[in-house]
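Written out below as structure tokens is the structure these notes cover.
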Amino acid sequence: MTCKVFYNTIFYNESYLNANEKVVFGVLLTIGISSLFLIVLELRKIIVTLIESDPFVRKNVDSFKKISMESFVISVCYIINFIFNLNLKNFKFIYVDNKGIHTDMKFLIFLFAGIFIFILAKVFEKAVEFKEENDFTV
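Written out as structure tokens, the structure reads:
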């Protein structure tokens, strides 16, 4: 599926993109897809700790922080793509068609998700500190 996305973006409609745009879109697509794969791997690590042991461990805090940073990276990729395209006349905050509800503000989704996950990482960090302190007192 990833290869098909690359093919459709870079090679399918050659008159649509010039060489510089192909490079920029290829780099942004590579960074974005890599970040998504890294998010999935970090989520997998978190799920393993949930199944095997206590979820309040430093490893999960680090995983949440990595997921947060990767969400910010994806958001930046969307912003760069938006600036590079500058299709402001086609820009729509939210619209509905026969395929569903759509938005051109996708970067906000990843930005807010990154903020939320970073806050969650801080909550988990405090929980780990309380747990370690409690383990020392018992």
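Sequence positions in the sequence shown follow UniProt numbering and run 1 to 138. Where a beta carbon is used, it is the ideal one built from N, C-alpha and C, also for glycine.
Buried or exposed by the 16-neighbour rule on C-beta atoms within 10 Å, applied to Ser75: Sequence index remark: in the sequence shown, residue 75 carries index 75 (1-based). Ser75 is buried by the Cβ-count criterion.
Nearest-angstrom beta carbon gap, Ile79 and Val107 [assumed within contact, 8 Å]: For the purposes of this step, residue 107 is taken as residue 107 along the sequence shown, with counting starting at 1. For the purposes of this step, residue 79 is taken as residue 79 along the sequence shown, with counting starting at 1. According to the sequence provided, residue 107 is Phe. The question's Val does not apply to it. 5 Å between Cβ atoms; contact.
Coarse secondary structure for Val96, derived from DSSP in three states: Within the sequence shown, numbered from 1, the residue matching residue 96 stands at position 96. If DSSP states are grouped into helix, strand and coil, Val96 belongs with the strands.
Separation of Ala127 from Leu38, as counted between CA atoms: Taking the sequence shown and counting its residues from 1, one reaches residue 38 at position 38. Taking the sequence shown and counting its residues from 1, one reaches residue 127 at position 127. Distance between the alpha carbons of Leu38 and Ala127 is about 25 Å.
Identity of the residue in Ala121, Phe136, Glu133 nearest residue 150 by Cα: The first residue shown for the chain is 1 and the last is 138, placing residue 150 beyond what the model contains.
Inter-residue spacing [alpha-carbon to alpha-carbon] between Leu29 and Leu41: Mapped onto the sequence shown, residue 29 falls at position 29. Mapped onto the sequence shown, residue 41 falls at position 41. So the two alpha carbons sit approximately 18 Å from each other.
According to DSSP, residues forming a beta bridge with Ile31: As a working note, residue 31 is residue 31 in the sequence shown. In DSSP, Ile31 forms no bridge with anything.
Nearest to Met69 (by Cα), restricted to the options Phe25, Val48, Ile94, Ile119: Numbered from 1 along the sequence shown, position 69 holds the residue referred to as residue 69. Out of Phe25, Val48, Ile94, Ile119, Ile119 has the C-alpha closest to the C-alpha of Met69.
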